[in-house]
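Residue numbers (the working numbering): 39 to 150.
Notes for the one structure printed next.
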């Protein structure tokens, strides 16, 4: 999958169709589709790290999916869904802060 700034939103929406819709409509958890969804969000943190202006629509989609998955997980109580929601929200916050997953080191304090 070739991920660039130009097609981030389009790819993210495609993966929403593959992952979130089956969850909401029939309770189907497609792990591969959710992993790809998070992967696109993580790539977005890398591609948008240096940008002062980021696409509102992409941020909105990431946030809405994170919240939507979290709300669905109130019924399923699934650790995988919880990790997906947390991962998407983390990507959302990183994009807003101008950080990327490449900066993230869980064993050291954040360098400013």
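Idealized CB from N, CA, C, for every residue including glycine.
Keep in mind it's a predicted model, so treat the numbers as computed, not measured.
Residue burial is scored here from C-beta neighbours: residue 109 has fewer than 16 other C-beta atoms within 10 angstroms and is therefore classed as exposed. Counting only residues of its own chain and dropping the five nearest sequence neighbours on each side, residue 50 has a CB closer than 6 Å to the CB of 78, 99. DSSP places residue 47 inside the alpha helix (DSSP H), whose first and last residues are 46–64. Scanning its chain for C-beta atoms nearer than 7 Å, with the 5 sequence neighbours on each side dropped, one finds around residue 138 the residues 83, 84, 87, 132, in chain order. For residue 74 and residue 53, the gap between their C-alpha atoms comes out near 7 Å.
Residue 70 and residue 128 have their C-alpha atoms roughly 19 Å apart.
Here DSSP, grouped into helix, strand and coil, assigns residue 94 to helix.
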